[in-house]
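Novice: Structure in structure tokens, see below.
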Amino acid sequence: EPVIRRAVGAAMREMGDQFVLGRNIGEAVKRGRDLIAKGYLYSYDMLGEAARTAEDAERYFDAYAGAIAELARSSNRPDIRHNPGISVKLSALHPRYEAVKRETMLPEMTERLLALAKAAKDARMGLNIDAEEADRLDISLDVIERVLSDPSLEGWDGFGVVVQA
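Our numbering applies: residue 191 is where the sequence shown begins, and numbers increase by one.
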């Protein structure tokens, strides 16, 4: 069993090295520099769980905002399709991201996502909303609709939604 455990651990580390560029956005950008210099682009995904507390949600929001600021340094092309992007998990932005808390959650979630979308727009980069569980589809669409209705995002074509089958 210890031999199998070590082998599985080594295989998982190898897979992680292939798909995870770093523990934070700075490490990821640094590790991806060679391919970026060759014209490759990355859409960065912050790994993490759903927020369980308000402190978790604030920490995840700050991490997303910091990542956008970091990526803005390399988002120097006028066409957002030629700049890096970022994916955001809505459940990381609010600890009560559920239909029964819709009335209190929706304004707070909209405010947070709108702030990130404005930052991405200013950085000339794309922002994608990661897919969530099927039971959150309706509230996800409500948040997305509210954010995209904000006039400050007019003319920005960088908002995307990830769909999983």
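Cβ atoms here follow ideal geometry from the backbone N, Cα and C, with glycine treated the same way.
Note down, in chain order, each residue of its chain lying with its Cβ closer than 8 angstroms to the Cβ of Thr294, except the 5 sequence neighbours on either side.
Specialist: Arg286
Novice: Just grab the DSSP bridge partners of Gly316 for me.
Specialist: Gly275, per the DSSP bridge assignment.
Novice: Within 10 angstroms of the Cβ of Leu261, are there 16 or more other Cβ atoms? Answer buried if so, exposed if not.
Specialist: That one is buried.
Novice: Is Asn266 buried or exposed, if buried means 16 or more other CB atoms sit within 10 Å of its CB?
Specialist: exposed
Novice: With hydrogens ignored, establish whether the beta-carbon of Glu335 is closer than 8 angstroms to any heavy atom of the ligand SAH.
Specialist: With respect to the ligand SAH, the structure offers nothing, as it holds no ligand at all.
Novice: Applying the criterion that 16 or more other CB atoms from any shown protein chain within 10 Å of the CB defines a buried residue, is Ser339 buried or exposed?
Specialist: exposed
Novice: Where does Asp252 land, buried or exposed, given buried means 16+ other C-beta within 10 angstroms?
Specialist: exposed
Novice: Helix, strand or coil, according to DSSP, for Ser339 in the structure here?
Specialist: coil
Novice: Assuming contact is defined by CB atoms lying nearer than 9 angstroms, are Ile270 and Arg314 in contact in what I supplied?
Specialist: In this structure, Arg314 lies closer than 9 angstroms to Ile270 by Cβ.
Novice: Measuring CB to CB, does Asp320 end up less than 9 angstroms from Leu280?
Specialist: Their beta carbons are under 9 angstroms apart, which means Asp320 touches Leu280 by this criterion.
Novice: Can you tell me whether DSSP reads Ser264 as helix, strand or coil?
Specialist: In the three-state reduction of the DSSP assignment, Ser264 falls in the coil class.
Novice: Where does the unbroken beta strand (DSSP E) through Val353 begin, and where does it stop?
Specialist: In this chain, Val353 is not harboured by any beta strand (DSSP E), its DSSP state being neither H nor E.
Novice: With distances taken Cα to Cα, identify the nearest neighbour of Ala296 among Val278, Ala307, Val337, Leu306.
Specialist: Residue 296 is actually Leu in this sequence, not Ala. Sorting Val278, Ala307, Val337, Leu306 by C-alpha distance to the C-alpha of Leu296 places Val337 at the top.
Novice: Count the other CB atoms, across all protein chains shown, that sit within 10 Å of the CB of Ile194; report buried if there are 16 or more and exposed otherwise.
Specialist: exposed
Novice: Whole angstroms are fine: how far does the CA of Tyr254 sit from the CA of Val352?
Specialist: Answer to the nearest angstrom: the Cα atoms are 17 angstroms apart.
Novice: Secondary structure at Asp269, three-state DSSP: helix, strand or coil?
Specialist: Looking at Asp269 - three-state DSSP - the assignment turns out to be coil, as it is neither helix nor strand.
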